[in-house]
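To convert a position in the sequence shown, counted from 1, into my numbering, add 457.
For glycine and all other residues, C-beta sits at the position ideal for the given N, C-alpha and C.
Every value quoted in this text rests on a predicted model; they were computed, and no experiment measured them.
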Amino acid sequence: MLLPFTTSAMDAKAVCEQLQPVMTELRAQLPQDVDYMTKLTGVQAIFLSGNCLLNYTYVVSAKHFLQEMSAENQLSAEENLELLQTDDGINAVKSVFSDMAKNAAAAHFAVFTTIPKIKITYSHSFDNQKIPSQTTVVLDNTQLPEMD
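Right, here's the structure in full:
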């Protein structure tokens with residue numbers, strides 16, 4: 458999501474305040490297709506304990522995800538579903554979502570990299586309860602010292 462403002466000399470509270478109407482408008486348009494297997498289902502910006510916490514919630518089509526896995530590893534959808542319930546499978550999914558988060562941070566959230574006290578997360582769940590949900594940190598500046 459591209460943000461319609463500049464962040465020069467902004468702090469986390471000001472960012473959260475400016476994002477509130479943007480998030481409200483975006484929530485009214487949800488769910489929204491991100492790609493052929495992913496829907497954005499929720500967004501929020503909360504100012505809590507001095508931090509601006511942004512979270513994007515997605516639902517992923519297990520059928521399409523398993524098809525992509527099968528194309529990569531030549532296992533059946535059933536075998537991949539079993540794999541996704543193991544530590545190796547969970548770690549593989551974490552790696553996929555971590556790579557996506559790094560790309561998103563560079564492409565969409567670079568404006569936030571210098572602002573202390575901002576944390577952006579992606580929460581992915583699947584439309585099949587057998588596949589564990591994943592929460593990925595896109596950007597975490599909560600440990601950066603505040604600027605004077």
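* If you compare alpha carbons, which of V491, S506 and I547 is closest to M526? -> For the purposes of this step, residue 526 is taken as residue 69 along the sequence shown, with counting starting at 1. Out of V491, S506 and I547, I547 has the C-alpha closest to the C-alpha of M526.
* So, helix, strand or coil for K551, using DSSP? -> Position 94 of the sequence shown, counted from the first residue, corresponds to residue 551. Helix, per DSSP.
* Asked: Of the choices Q524, L476, C509 and L483, whose alpha-carbon is the least far from that of L497?
  -> Taking the sequence shown and counting its residues from 1, the one referred to as residue 497 is at position 40. Measuring from the Cα of L497, the nearest candidate turns out to be L483.
* Asked: In chain order, what residues of the same chain have a beta carbon less than 6 Å from the beta carbon of N598, not counting five sequence neighbours either side?
  -> The sequence position of residue 598 within the sequence shown is 141, counting from 1. The residues are P573 and I575.
* Please classify D597: does DSSP put it in a helix, a strand, or coil? => Residue mapping note: residue 597 aligns to position 140 of the sequence shown, counting from 1. In this structure, D597 counts as strand in the three-state DSSP scheme.
* Whole-angstrom Cβ separation of H521 and M557, contact assumed at under 8 Å? -> Translated into positions along the sequence shown, residue 521 becomes position 64. Translated into positions along the sequence shown, residue 557 becomes position 100. Actually they are not in contact, since the Cβ atoms of H521 and M557 sit about 15 Å apart, beyond 8 Å.
* **Own chain residues within Cβ distance below 8 Å of F569, not counting five before or after** => Here residue 569 refers to the residue found at position 112 of the sequence shown. Cβ neighbours of F569 beyond the five flanking positions: T464, V472, I575, I577, L596 and N598.
* Would you decide whether T481 is buried or exposed? Buried here means 16 or more other CB atoms lie within 10 Å of its CB. => Within the sequence shown, residue 481 is the residue found at index 24, counting from 1. It counts as exposed.
* May I have a chain-ordered list of the beta strand (DSSP E) segments no shorter than 3 residues that lie completely inside the region 571-595? => 575-583
* To do: Report the partner residues of C509 according to the DSSP bridge assignment.
  => The residue you call residue 509 lines up with position 52 of the sequence shown. Partner(s): F504 and I575.
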